[in-house]
Amino acid sequence: MNKSKMFSIVMALFVAISVLSACTGSNNSSSNSDNSSKNSNTPTANSANSSGDYQDYSGGFPEKVMLEIPVYERAFEGWNVTDNYYTRWVQQEFGDKYNIDVKYVPITRTSEVTDYEQLLASHKAPDIIFHYDMPQALAYYGEEVMQELDYDEIAYYAPTYWKNMSSTIEKYGSVDGNKVFFFANRPSADNFTTLVRKDWVEQAGMKVEDLTSLEKFNEMLAKWKEAGLGVGGGNLLQNNYNFNYAFRDWPIDGKERALYSDLSVADLTSPATERYLRNLNYQYNNGMIDKEFYLRNDEAKTKAEFVAGKTGTFAFYLTSNTDVISATLVNNPDAEFAVLPPTASVPEGFQPQGRAYWPFGFIMGINYESSAEERRAVWMYLEWMSQPDNLFFLQNGVEGQNYTLDSDGIAVKAADFAGESKLSNNNNKDYWGLVTEMAEYASPELTRKSYIRNWAPPGYEYLAEDMLKYYDETAEYRTPDALFTIVLEKVNEYKADLNSLFQELYVKCVLSPEGEFDATYEAAKKTYLNAGYQEILDEKQKAIDAGQYN
Numbered sequence: 002m003n004k005s006k007m008f009s010i011v012m013a014l015f016v017a018i019s020v021l022s023a024c025t026g027s028n029n030s031s032s033n034s035d036n037s038s039k040n041s042n043t044p045t046a047n048s049a050n051s052s053g054d055y056q057d058y059s060g061g062f063p064e065k066v067m068l069e070i071p072v073y074e075r076a077f078e079g080w081n082v083t084d085n086y087y088t089r090w091v092q093q094e095f096g097d098k099y100n101i102d103v104k105y106v107p108i109t110r111t112s113e114v115t116d117y118e119q120l121l122a123s124h125k126a127p128d129i130i131f132h133y134d135m136p137q138a139l140a141y142y143g144e145e146v147m148q149e150l151d152y153d154e155i156a157y158y159a160p161t162y163w164k165n166m167s168s169t170i171e172k173y174g175s176v177d178g179n180k181v182f183f184f185a186n187r188p189s190a191d192n193f194t195t196l197v198r199k200d201w202v203e204q205a206g207m208k209v210e211d212l213t214s215l216e217k218f219n220e221m222l223a224k225w226k227e228a229g230l231g232v233g234g235g236n237l238l239q240n241n242y243n244f245n246y247a248f249r250d251w252p253i254d255g256k257e258r259a260l261y262s263d264l265s266v267a268d269l270t271s272p273a274t275e276r277y278l279r280n281l282n283y284q285y286n287n288g289m290i291d292k293e294f295y296l297r298n299d300e301a302k303t304k305a306e307f308v309a310g311k312t313g314t315f316a317f318y319l320t321s322n323t324d325v326i327s328a329t330l331v332n333n334p335d336a337e338f339a340v341l342p343p344t345a346s347v348p349e350g351f352q353p354q355g356r357a358y359w360p361f362g363f364i365m366g367i368n369y370e371s372s373a374e375e376r377r378a379v380w381m382y383l384e385w386m387s388q389p390d391n392l393f394f395l396q397n398g399v400e401g402q403n404y405t406l407d408s409d410g411i412a413v414k415a416a417d418f419a420g421e422s423k424l425s426n427n428n429n430k431d432y433w434g435l436v437t438e439m440a441e442y443a444s445p446e447l448t449r450k451s452y453i454r455n456w457a458p459p460g461y462e463y464l465a466e467d468m469l470k471y472y473d474e475t476a477e478y479r480t481p482d483a484l485f486t487i488v489l490e491k492v493n494e495y496k497a498d499l500n501s502l503f504q505e506l507y508v509k510c511v512l513s514p515e516g517e518f519d520a521t522y523e524a525a526k527k528t529y530l531n532a533g534y535q536e537i538l539d540e541k542q543k544a545i546d547a548g549q550y551n
């Protein structure tokens, strides 16, 4: 059996672990009489065929096609995600050319699954259904809200995109023998990092390079408190449960990893989570972190604390036009910044572990209610965006306004440009992210230079350089999640309730007095296990004992 077929089988068997309860039953039988933007065909009628009889739309569709594209709404101040210089440019350069009305549908980044489920239930979902994590993408598949794809059709209407992504699509895009997923490219890099107030570190009598362990980081936080500088930042754990990697044993125990690693259900009961929560409890009780961390449930709230000079750390995606540094300087003109070393979160004796990405960015499917014309318009949109000139424009803007070219041909962003063609605060990634997760150039060397250009605010190139250095240094400790090769029915049954319960219990553990942590944590574990987590662990352990995972 080849690897592609094996992965398809694994994915098919894995579907049940992620099916959401928000859409009950099969969507194939749902009425769409109130859906004005989609035709009323069933998914079967709309599914791509393999006849090879494809109409040429290079001169435009004979009748106007409404193409609805999802775009993340991140609440960037002054930015309208559905109507801006670039959405209008796309309409002019792509939509008008092919008789397509391009409409952008906002998806709230912090509640995207809820947004999608509501849009699907009301038959108003965009033509593309996407997510970054395979478990949730499989959940959408399990709800039967995605069409089966015809690879020949993609290749016909999007030859450049297909050339770039065909091997990934063919390897990872099938579930239960059905071709359903297509992807954005993901180069091996990451711009998620944590800023630290370098001036605070030095006022505490330390250096950033001294933060070689969690113990050293806690020592620094204690000195911050003593000096009246501020506290460490914090936020509510939600949506993506990979918080305890730095507290796990190394080398990895494959069976333990398979038992507890799960993006769908939070782990509360493992030794790694106990270590994580015990440290958080220590930090909280000693006034070392934001006392109201549990109220910071989106990036804007954690950012506001950092900008105001109340917290000295802030985790986010670093981009050249981020306003977090400039905004902080308004309130604290002498502020200095550094990238927090990954070792600062790692207890002595442990390693800076992390979750490795799969080799793709967005995981996408076609809405089951999209017509054949709308589906083909999606392929044409991806093809148009895959053209180097168009992609470069979306990523960098207007030459002479948003950027200038350096001697290497790399776009150098203009500092503080605020004209009509201003890029969004993450360099328009929520638009071009449909084809690639990172901007790339002709060679790895130029691409690396471009990362620094795109990720570093002018004058802060050292932040991107340090971030890349740390990424390379910790590469051996990044590993992908395990995949089970059987259906884990208990995960699907309990995950919604457990994730809500987890937030309540973990916050209770953190807020408990230090002397009561052990009792509080033991009670929380018992409650969590009795609420269904024990059944999940039992089901997983049975599969692990049978070797039904990889």
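Residue numbers (my numbering): 2 to 551. Glycine residues also receive a C-beta, built at the ideal position from the N, C-alpha and C atoms.
Quick check on this structure: which residue in Asp97, Ala122, Pro342 has the alpha carbon closest to the alpha carbon of Met67?
Asp97
Would Leu260 be called buried (16 or more neighbouring beta carbons within 10 Å of its own) or exposed?
buried
Across the region 275-295 and the region 217-233, are there enough close Cβ pairs to call them in contact, namely three or more that are closer than 8 Å?
yes
Nearest-angstrom Cβ-Cβ length linking Gln239 and Gln504, presumed shorter than 8 Å:
7 Å
Tell me which residues share the same chain as Tyr105 and place their Cβ nearer than 7 Å to its Cβ, disregarding the 5 neighbours each side in the sequence.
Ile70, Val72, Val82, Thr83, Thr88
Does the distance from the CB of Gly313 to the CB of Val197 come in under 8 Å?
yes
For Lys256, collect the residues of the same chain with a Cβ closer than 8 Å to its Cβ; drop the 5 residues on either side in sequence, then sort them by chain order.
Ile545
Which full runs of the beta strand (DSSP E) of 3+ residues lie inside the region 348-433, going along the chain?
361-367, 404-406, 412-414
Take the Cβ of Asn241 as the centre, count every other Cβ of all protein chains shown within 10 Å, and call the residue buried at 16 or more, exposed below.
exposed
Residue ranges of each alpha helix (DSSP H) run of no fewer than 4 residues wholly in the region 427-481, ordered along the chain?
430-433, 445-456, 462-474
When DSSP labels each residue in this structure, what does Tyr58 get in the three-state scheme?
coil
Would Phe184 and Thr169 qualify as a contact pair, given that the criterion is a beta-carbon distance under 8 Å?
yes
Cβ-Cβ distance between Ser271 and Ala483 below 8 Å
no
Cutting at 8 Å between CB atoms, please list the residues of its own chain near Asn28, excluding the five before and the five after it.
For Asn28, the predicted structure reports a pLDDT of 47, less than 50, and the residue's modelled location is therefore unreliable. A value from the coordinates is still provided. Closer than 8 Å at Cβ, skipping near neighbours: Pro44, Leu121, Glu144, Glu145, Val146, Tyr369.
What does Ser175 pair with, by DSSP beta-bridge criteria?
Lys180
Proximity winner among Thr448, Lys414, Val325, Ser59, relative to Glu78 (alpha-carbon distances):
Val325
Considering only their Cβ atoms, is the gap separating Gly401 from Tyr478 smaller than 8 Å?
no
Please classify Glu515: does DSSP put it in a helix, a strand, or coil?
helix
Contiguous alpha helix (DSSP H) assignments of at least 4 residues, all confined to the region 107-168
113-122, 135-143, 152-158
Return the residue from the list Arg454, Val176, Tyr382 that minimises the CA-CA distance to Ala416.
Arg454
Counterpart residues of Arg89 in DSSP-defined beta bridges
Answer is none; Arg89 lacks a bridge partner.
For the alpha helix (DSSP H) containing Ala273, list its first residue and its last residue.
272-286
Would you mind working out which of Leu424, Gly410, Asn429 sits nearest Glu446, comparing C-alpha positions?
Gly410
Between the Cα of Asn298 and those of Ala532, Arg110, Ser513, spot the shortest distance and give me the residue it belongs to.
Arg110
Decide if the region 278-285 is in contact with the region 384-401; the criterion is three or more beta carbon pairs, one per stretch, under 8 Å apart.
no
Here's the rule I'm using: 16 or more other beta-carbon atoms within 10 Å means buried, otherwise exposed. How should Gln542 be labelled?
exposed
Cβ neighbour criterion (16 or more within 10 Å) applied to Ala457
buried
If Arg187 and Tyr442 are in contact, beta carbons under 8 Å, what's the gap, nearest whole angstrom?
So it is not a contact: roughly 16 Å between Cβ atoms.
By Cβ distance, which residues of its chain are closer than 7 Å to Lys496, with the 5 residues on each side in sequence left out?
Ser265, Val266
Which whole-angstrom value is the C-beta distance of Ala345 and Leu215, which I expect to be below 8 Å?
7 Å
Going by DSSP, which residues form a beta bridge with Ile70?
Tyr105
Return the chain-ordered list of same chain residues with a C-beta closer than 8 Å to the C-beta of Leu502, the five sequence neighbours on each side being excluded.
Thr528, Tyr529, Ala532
Applying the 10 Å Cβ sphere with the 16-neighbour rule, what's the burial state of Ala140?
buried
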